[in-house]
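Here the sequence shown is numbered in this note's numbering, starting from 1 and rising by one per residue.
What follows is a set of notes on a single structure, which appears directly below.
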Amino acid sequence: MTMPPPGDPTRVRNQKAIQSGPRWTWLIAGALLAIIAIVTFAFLVPIAPAPAWIGIALQGALLVALVVTSVVLPAGRARGVNSAVIMGGMAVSALVLLLIILAIAQAGGMPAVDG
1 MTMPPPGDPT RVRNQKAIQS GPRWTWLIAG ALLAIIAIVT FAFLVPIAPA
51 PAWIGIALQG ALLVALVVTS VVLPAGRARG VNSAVIMGGM AVSALVLLLI
101 ILAIAQAGGM PAVDG
C-alpha cells in the first residue's frame, strides 16, 4: 500500500478542522461527547459504582483538558492535533469503561466488600 503524498488533502492530518478549525467546534463536540458519556455512566452507577465513577471523573478531566487546550494553545495545527487526541481519548476511555461495566453486569455485579 502506498502512502499518499504529504500535501494530500484526503489525509486526516491535512483536514481543515485539524489545521485551522475554530476552537468552538472542538469544544461543542467534546462537551456533547462528555455529557453523553457522563449521563450514561451516571445511570450505570448502581450496576458497577467504581468504573462508573472513574468514567465520570475521567470524562470531566478530559473535558477540562480540552477547554484548557483550546484556551492556551494558539490557533493552528498544534491546537487541532491536541484537541483531536483528547477527544479520541474521551471516546476510547468511555468505550473501554462501558465494556468493563458490561462485563461486570454479565458476571453478576460487583463483589460485596466486608468491612
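Note that beta-carbon positions come from the ideal geometry of N, C-alpha and C, so glycine has one too.
Keep in mind it's a predicted model, so treat the numbers as computed, not measured.
Can you check whether the CB of Trp24 is closer than 8 Å to the CB of Met87?
For the purposes of this step, residue 87 is taken as residue 87 along the sequence shown, with counting starting at 1. For the purposes of this step, residue 24 is taken as residue 24 along the sequence shown, with counting starting at 1. No; because the gap between Cβ atoms is not below 8 Å, this pair is not in contact.
Relative to the alpha-carbon of Gln59, which residue among Leu32, Ile104, Leu99, Leu102 has its alpha-carbon at the smallest distance?
Here residue 59 refers to the residue found at position 59 when the sequence shown is read from its first residue. Among Leu32, Ile104, Leu99, Leu102, the Cα nearest to that of Gln59 is on Leu32.
What first and last residue would you give for the alpha helix (DSSP H) that runs through Ala78?
Translated into the one-based positions of the sequence shown, residue 78 becomes position 78. Note, Ala78: alpha helix (DSSP H), 77-107.
Can you confirm whether the segment 93-107 touches the segment 73-82 when touching is taken to mean that 3 or more C-beta pairs between the two stretches lie within less than 8 Å?
Judged by Cβ distances under 8 Å, the segment 73-82 makes no contact with the segment 93-107, as fewer than three pairs qualify.
In whole angstroms, give me the CA-to-CA distance for Ser70 and Met90.
Stepping through the sequence shown from its first residue, residue 70 is reached at position 70. Stepping through the sequence shown from its first residue, residue 90 is reached at position 90. Cα to Cα, Ser70 sits roughly 16 Å from Met90.
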